[in-house]
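In the numbering used here, the protein residues as written are -15 to 94.
The next block holds one structure in the form of structure tokens; read it before the comments.
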Ligand SMILES: [Zn+2]
């Protein structure tokens, strides 16, 4: 699941920077000029819920198992984990192929 998206039509590779700069919605491939939809929301939601659940489990486990845990250390670890999740956002972006309408196809042939 965690890899940079490629064009669903021609497999053109997009860099981390390009993907993070893309807006949700329809995009045109720089290579084959076909349309695809950029879906950022679903991957992010999945990633964030996985990170949250993991953190809750880890935090609870630490608090239950050790009586002299250091809250500051746990907090810093949590902040690092959440920032790592944010850095992984472009890796969760999905490109969904979109077809040209007939009118658009005619327009392009001119
Ligand atoms: Zn393409």
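No residue lacks a Cβ here, since even glycine has one placed at the ideal position from N, Cα and C.
Treat the numbers as computed from the prediction; the structure is a model and nothing was measured.
Per-residue DSSP class, three states only, for residue i
{"i": "residue 89", "result": "helix"}
{"i": "residue -3", "result": "strand"}
{"i": "residue 54", "result": "coil"}
C-alpha distance - residue i paired with residue j, whole-angstrom precision
{"i": "residue 79", "j": "residue -10", "result": "7 Å"}
{"i": "residue 81", "j": "residue 29", "result": "21 Å"}
{"i": "residue 37", "j": "residue 46", "result": "14 Å"}
{"i": "residue 26", "j": "residue 86", "result": "29 Å"}
{"i": "residue 14", "j": "residue 61", "result": "40 Å"}
{"i": "residue 65", "j": "residue 5", "result": "22 Å"}
{"i": "residue 41", "j": "residue 49", "result": "12 Å"}
{"i": "residue -13", "j": "residue 75", "result": "5 Å"}
{"i": "residue 91", "j": "residue 70", "result": "40 Å"}
For residue i, the first and last residue of its enclosing alpha helix (DSSP H)
{"i": "residue 9", "result": "Counting along the chain, residue 9 falls outside any alpha helix (DSSP H), though it belongs to the beta strand (DSSP E) covering 9 to 12."}
{"i": "residue -10", "result": "Residue -10 -> no alpha helix (DSSP H), and no H or E assigned at all."}
Enclosing beta strand (DSSP E) for residue i [first to last residue]
{"i": "residue 79", "result": "78 to 81"}
8 Å Cβ cutoff met for residue i and residue j
{"i": "residue 72", "j": "residue 31", "result": "yes"}
{"i": "residue 24", "j": "residue 57", "result": "no"}
{"i": "residue 22", "j": "residue 7", "result": "yes"}
**Report entry** Pocket of ligand 1 (residues with CB nearer than 5 Å to any heavy atom), chain order
**Finding:** -9, -7, -6, -4, 13, 15, 16
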